[in-house]
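Take a look at the structure set out below.
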Amino acid sequence: MTTQSEMTNYLQTFVEGMISSGVEQAVISPGSRSTPLALLLHRQEQIETFIEVDERSAAFFALGLSKASCKPVVLLCTSGTAAANYYPAICEANASHIPLIVLTTDRPHELRQVGAPQAMDQFHLFQHHVKEFIEMAIPEGTKVMLDYAYWQGMRAIDTACQTPKGPVHLNFPLREPLLPDLNRSLFAERTTEIFAGKKQLSEKQLIECVDAWQGKKGVLVVGGTHTPEEAAVFIELAERLSWPILSDPLANITSSSNDSPLIMRYADLFIQEVEMSQYPDVVVRFGMMPISKNTMFWLQSLNETTMVYFVDETGEWQDQLKQTQVAIQADEQTFAKEITERIIRRTSDSWCNQWIDWQETTEQQLTELSEMKTLNETTASILVHKKMAKKGQLFVSNSNAIRFLDRFSTPDNNQYQLFGNRGINGIDGIISTALGVCATNPERQNVLLIGDLAMYHDMNGLLLAKRYNLPLTIVLLNNNGGGIFSFLSQRQLEKDDFEPIFGTPIDLDFSLVAQLYDAEYVKAESLEQLELLLEATQKQPKFQLIEVIGDRQENVLLYERVVDGLKEKLGKNK
Numbered sequence: 126m127t128t129q130s131e132m133t134n135y136l137q138t139f140v141e142g143m144i145s146s147g148v149e150q151a152v153i154s155p156g157s158r159s160t161p162l163a164l165l166l167h168r169q170e171q172i173e174t175f176i177e178v179d180e181r182s183a184a185f186f187a188l189g190l191s192k193a194s195c196k197p198v199v200l201l202c203t204s205g206t207a208a209a210n211y212y213p214a215i216c217e218a219n220a221s222h223i224p225l226i227v228l229t230t231d232r233p234h235e236l237r238q239v240g241a242p243q244a245m246d247q248f249h250l251f252q253h254h255v256k257e258f259i260e261m262a263i264p265e266g267t268k269v270m271l272d273y274a275y276w277q278g279m280r281a282i283d284t285a286c287q288t289p290k291g292p293v294h295l296n297f298p299l300r301e302p303l304l305p306d307l308n309r310s311l312f313a314e315r316t317t318e319i320f321a322g323k324k325q326l327s328e329k330q331l332i333e334c335v336d337a338w339q340g341k342k343g344v345l346v347v348g349g350t351h352t353p354e355e356a357a358v359f360i361e362l363a364e365r366l367s368w369p370i371l372s373d374p375l376a377n378i379t380s381s382s383n384d385s386p387l388i389m390r391y392a393d394l395f396i397q398e399v400e401m402s403q404y405p406d407v408v409v410r411f412g413m414m415p416i417s418k419n420t421m422f423w424l425q426s427l428n429e430t431t432m433v434y435f436v437d438e439t440g441e442w443q444d445q446l447k448q449t450q451v452a453i454q455a456d457e458q459t460f461a462k463e464i465t466e467r468i469i470r471r472t473s474d475s476w477c478n479q480w481i482d483w484q485e486t487t488e489q490q491l492t493e494l495s496e497m498k499t500l501n502e503t504t505a506s507i508l509v510h511k512k513m514a515k516k517g518q519l520f521v522s523n524s525n526a527i528r529f530l531d532r533f534s535t536p537d538n539n540q541y542q543l544f545g546n547r548g549i550n551g552i553d554g555i556i557s558t559a560l561g562v563c564a565t566n567p568e569r570q571n572v573l574l575i576g577d578l579a580m581y582h583d584m585n586g587l588l589l590a591k592r593y594n595l596p597l598t599i600v601l602l603n604n605n606g607g608g609i610f611s612f613l614s615q616r617q618l619e620k621d622d623f624e625p626i627f628g629t630p631i632d633l634d635f636s637l638v639a640q641l642y643d644a645e646y647v648k649a650e651s652l653e654q655l656e657l658l659l660e661a662t663q664k665q666p667k668f669q670l671i672e673v674i675g676d677r678q679e680n681v682l683l684y685e686r687v688v689d690g691l692k693e694k695l696g697k698n699k
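Positions in the sequence shown are counted from 1; adding 125 to them yields the working numbering.
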């Protein structure tokens, strides 16, 4: 058997192992050393492949594919710095529990550390940001090594998909010649079934929780990313207990079609401004902390008589407040459903009614402000939320964009799914990730809400929309700089210090960016015009850029007016 045939059989058997465990998509960054794996993946009928020359963009695109499909996605590159450009997306995947299968190709051992070109140390390249690193053996054609390759392909996918999900890195040292034998059969020749269960509590443990919660004054706090179907489970639990529910926007509770008054959509605005006559006996947290700092400060202010339960299905102890008195390591959805089935006694209405009153007062305060009737970054964000179609997909960028939705999302019966990159909270790779989400369901309405700095940071990703005809509507909030810093302590600085370091104006003409990548471009001049543009995306998705010119200071003044009004109406500083 020739070396070419041995390499082909070895790598194809590895690919068959991945297919056996459920791989359906791969993103390939072109290069020389990765040639055999790239060709075998690209020619595999069971795997849909995407090509992206920018490795950083490719990795975030794969991240988006996996987010939207809830399935493992393969990411492949050549040797050298190509793999290093995957790093930001891998960090995000690890923190967000996204199952990426990172395949890096490498020089064989005899060409390492001897000055060979495009060779660098790729051993444990991503350190602790992957669940597992596997240095693959040099390809051989023996049955033992073919079984090894198949087993590693199958096991890597299973490892990535086990709770907590996350990326797995496999490094392939390959010798020349690099062209595989393309006459070999590319159909999977063997399969292996994997049966996996979920962590569940015993009946005794469930009853202990039920007895401690039902009839008590409690609050549900839901963080992390969830599908609309998962969000409905949390809402049902809150309604059965008659507890208010505070959540992260990415939990898809505030974007749910359920208009339950127990969903505290404006908690970030009012929770620090109220005078409480009753405090919770119990707080039950699911997953990571929500984005709202005011919610975090309120939780920190609770006294020790409040029992804090933390449902942590990952077992990673992601409790930054370190308040947990009862840690529950179980599958969140299974646990919530089992508790809901066993609750027979609701909490008195007086407890949830005070929360509902605060919510309604905040909503009234917002309707009274004249700024909420004109086009600005806040009202544009609210309108995007309102005009999402049922089953539409909205990707929201970090910094201000997601905070506008967290603070101001109104109750609307649209039931779309909200996505974001909140593992590490960076602004890199936002466009590429959104396009990965779009590529998973291109027939749906797909919208990206993004600021100008995040847009600039990942403009290379727009090539994916052009190449694959991805109908993403980008709503660009352009305040010419880092608007988030106008809300933070850095705003106290003198203009000469603030602007170059934190304001960072980039002065770009984004109509030219749209032209470069063949996107339609419109500058929105009014709320009415933006509303018509967004309604059109529900019926006819297309690749377009809608620019909303904003003002950093205007955003801050609007927020301060809302908070000052709530202080007067809700108790503090009356």
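All C-beta atoms, glycine included, are put in the ideal place defined by N, C-alpha and C.
Beta carbon of GLY278, beta carbon of SER130: below 8 angstroms?
Annotated as distal: GLY278 and SER130, with beta-carbon spacing of 8 angstroms or more.
4-residue-minimum alpha helix (DSSP H) runs that sit fully inside the region 355-387, ordered along the chain:
Whole alpha helix (DSSP H) segments, 4+ residues: zero.
Quick one: give me the first and last residue of the beta strand (DSSP E) that LEU225 is part of.
For LEU225, the enclosing beta strand (DSSP E) has its first and last residue at 225-231.
Quick one: give me the first and last residue of the alpha helix (DSSP H) that PRO213 is part of.
For PRO213, the enclosing alpha helix (DSSP H) stretches over residues 212-221.
Alpha-carbon to alpha-carbon, GLY561 and GLU568
Rounded to whole angstroms, the separation of the alpha carbons of GLY561 and GLU568 is 13 angstroms.
Using beta-carbon positions only, say whether PRO630 and GLY608 come within less than 8 angstroms of one another.
It is not a contact, given that the beta carbons lie outside the stated cut-off.
Between LEU682 and ARG158, what straight-line distance do the alpha-carbon atoms span, to the nearest angstrom?
Looking at the backbone, the Cα of LEU682 and that of ARG158 are separated by about 55 angstroms.
Where ARG746 sits in the DSSP three-state scheme
There is no way to answer for residue 746, as the model of the chain reaches only from 126 to 699.
With DSSP as the reference, label PHE185 as helix, strand or coil.
Helix.
Per DSSP, cross-strand counterpart(s) of CYS202:
DSSP output for CYS202 lists THR229 as bridge partner(s).
Does VAL572 come within less than 8 angstroms of chain C when only Cβ atoms are used?
This model lacks chain C altogether; it includes just one protein chain.
Please confirm whether ALA151 and LEU166 have their CB atoms less than 8 angstroms apart.
Yes.
Could you give the distance in angstroms between the alpha-carbon of GLU364 and the alpha-carbon of GLU488?
Going by the C-alpha atoms only, they are around 21 angstroms apart.
Who pairs with TYR541 in a beta bridge, going by DSSP?
Per DSSP, none; premise fails for TYR541.
Helix, strand or coil at TYR684 [DSSP, three-state]
Helix, per DSSP.
Quick one: residues in its chain with C-beta nearer than 6 angstroms to the C-beta of GLY440, no 5 flanking neighbours on either side, listed in chain order?
If we look at GLY440 and ignore the five residues flanking it on each side, its Cβ neighbours are GLN454.
Any idea what DSSP makes of PHE435, helix, strand or coil?
Note: PHE435 maps to strand in three-state DSSP.
THR288 versus VAL433, ARG315 and GLN325, residue with shortest Cα-Cα distance
Nearest C-alpha to THR288: GLN325.
Reference ILE575; option with closest CA among ALA526, LEU530, LEU427 and GLY586
Scanning ALA526, LEU530, LEU427 and GLY586 for the CA closest to the CA of ILE575 turns up ALA526.
Start and end of the beta strand (DSSP E) containing ASN585?
Note, ASN585: premise wrong, no beta strand (DSSP E); not H, not E.
When you compare only the Cα positions, how much space is there between LEU695 and TYR581?
Put simply, the backbone Cα of LEU695 is about 41 angstroms away from that of TYR581.
Helix or strand or just coil, what does DSSP make of LYS699?
Note on LYS699: pLDDT 47, under 50, position unreliable in the model; the coordinate value appears next. The DSSP-derived three-state label of LYS699 is coil.
GLY343 - partner residues in DSSP beta bridges:
Per DSSP, VAL407.
Within this structure, are the beta carbons of LYS196 and GLY142 separated by less than 8 angstroms?
No, Cβ-Cβ distance for LYS196 and GLY142 is not below 8 angstroms.
GLY278 - containing alpha helix (DSSP H), residue span:
According to the DSSP assignment, GLY278 belongs to the alpha helix (DSSP H) that extends over 268-286.
Going straight from the alpha carbon of THR133 to that of LEU303, what length do you get?
When rounded, the distance between both Cα atoms is 9 angstroms.
Could you give the first and the last residue of the continuous beta strand (DSSP E) run that contains ALA151?
In the DSSP assignment, ALA151 falls within the beta strand (DSSP E) that extends over 150-153.
Identify whether ASN296 lies in helix, strand or coil by the three-state DSSP scheme.
Of the three classes helix, strand and coil, the one that applies to ASN296 here is strand, per DSSP.
Is DSSP giving THR662 helix, strand or coil here?
If DSSP states are grouped into helix, strand and coil, THR662 belongs with the helices.
ASN134, DSSP secondary structure in three states
Residue state, collapsed to three classes: helix.
Compute the Euclidean distance between the alpha carbons of GLN443 and THR486, then round it to the nearest angstrom.
The alpha-carbon atoms of GLN443 and THR486 are separated by roughly 33 angstroms.
Could you give the first and the last residue of the continuous beta strand (DSSP E) run that contains ALA337?
ALA337 -> not in any beta strand (DSSP E); alpha helix (DSSP H) instead, spanning 328-338.
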